[in-house]
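**Student:**
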Amino acid sequence: MEKVLFLDFDGVLFDTIKEVYLVNRYISCGVDYFQEINQKEYEKYSHFKYLIYNIWMFYYYNPLIFKGSYDIVSDFENAIKTRDLKKEEEYCSNFLNLRKELILNHYDFWEKLETPYNFFFEIKKLYENGFKDVVIVTKKNKSSVIKRFKTYDFNFDENKIFARDVLDNYPSKADFMDEYMKKNNYQKAFFVDDNYNNIYPCEKYENIKTALALWGNANPNYNGVSEDVAIEKIKEFLKSNS
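Here my numbering is used: the first residue of the sequence shown is 281, the next is one more, and so on.
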């Protein structure tokens, strides 16, 4: 039985929140990347990050954190009910350009902003031991993912990294994964993501099993798994005949 493993990147393979925080702090407040982090603000930014599963959502999220909100969840839910698509597009373009400039001009600094979880090394080991049917599905830009993998000598097939430019054409990651499986003759899949908004659409596909990564930026109100349990579940999935 042909099986495939789908993995998110941010909050699953790498802890990427610091990079996102610094770039968005610069956009919202004009604070230099190298200025000391306000820990209380950073913890708040990290805590509610589970609300975000598309880059445009930061346009509404950032003001609530940096300019103050007493009810982040409620205010965020209200904000995205009346979307400004033009402003979102401008924000996304600005964010991606600033990230690109940060990488280009301060690579050594940028390289230290994101750190791999132990889960990353377990997946790398699994891949290097022969299981190559691993696919990355991320709203991050593909070039950043490639750079991260190369930094840690992970010789991953770049053709199996699907980023924002591809996934934005689908209603959900689940729909992309279903199409990918049909095109490549996979019968079963296992998917790990740290955002429940990417997990629950998989419920309509019986052949896609899921695990919510609690070590990332998952909503604490949902049931998820630790890194060790996720690895165990993946190994069980690969051994199973069903």
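Backbone N, C-alpha and C define an ideal beta-carbon position, used for all residues, glycine too.
Give the DSSP-derived three-state secondary structure of F470 in the structure shown.
**Tutor:** The residue labelled residue 470 in the question sits at position 190 within the sequence shown. It is a strand residue.
**Student:** Which one of K283, E282, K430 and G496 has the shortest CA to CA distance from D295?
**Tutor:** On the sequence shown, residue 295 is found 15 positions in, with the first residue counted as 1. For the residues K283, E282, K430 and G496, the minimum Cα distance to D295 belongs to G496.
**Student:** DSSP beta-bridge partners for A493?
**Tutor:** If you number the sequence shown from 1, residue 493 lands on position 213. Note: A493 sits in a beta bridge opposite V505.
**Student:** In terms of residues, what are the limits of the alpha helix (DSSP H) holding K412?
**Tutor:** Position 132 of the sequence shown, counted from the start, is the residue given in the question as residue 412. First-last for K412: undefined, no H or E at that position.
**Student:** In terms of residue numbering, what span does the alpha helix (DSSP H) encompassing V292 cover?
**Tutor:** In the sequence shown, counting from the first residue as 1, residue 292 sits at position 12. Taken as a continuous stretch (DSSP letters only), V292 belongs to no alpha helix (DSSP H), as it is neither H nor E.
**Student:** Look at T418 and A443 and say whether their C-beta atoms are less than 8 Å apart.
**Tutor:** Taking the sequence shown and counting its residues from 1, one reaches residue 418 at position 138. Taking the sequence shown and counting its residues from 1, one reaches residue 443 at position 163. Taking 8 Å as the Cβ cut-off, T418 and A443 qualify as a contacting pair.
**Student:** Quick one: what's got a C-beta closer than 8 Å to K367's C-beta in the same chain, skipping five residues either side?
**Tutor:** Indexing the sequence shown from 1 puts residue 367 at position 87. Correct list, in chain order: Y339.
**Student:** Quick check on the burial criterion: 16 or more other C-beta atoms within 10 angstroms. Buried or exposed for D433?
**Tutor:** Your numbering for residue 433 matches position 153 in the sequence shown. By the 10 Å Cβ count, D433 comes out exposed.
**Student:** Have a look at W390 and L406 and give me their C-alpha separation to the nearest angstrom.
**Tutor:** One-based indexing of the sequence shown puts residue 390 at position 110. One-based indexing of the sequence shown puts residue 406 at position 126. For W390 and L406, the distance between alpha carbons rounds to 27 Å.
**Student:** Pick out the complete beta strand (DSSP E) segments inside the stretch 314 to 359, 3 residues or longer, and give them in chain order.
**Tutor:** none
**Student:** Would you call the CB atoms of E507 and F399 closer than 8 Å?
**Tutor:** Taking the sequence shown and counting its residues from 1, the one referred to as residue 507 is at position 227. Taking the sequence shown and counting its residues from 1, the one referred to as residue 399 is at position 119. A contact, by the Cβ cut-off of 8 Å.
**Student:** Which same chain residues end up closer than 8 Å to V311 when comparing Cβ atoms and leaving out the 5 residues on each side of it in sequence?
**Tutor:** Walking along the sequence shown from the start, residue 311 turns up at place 31. Answer for V311: R305, listed in chain order.
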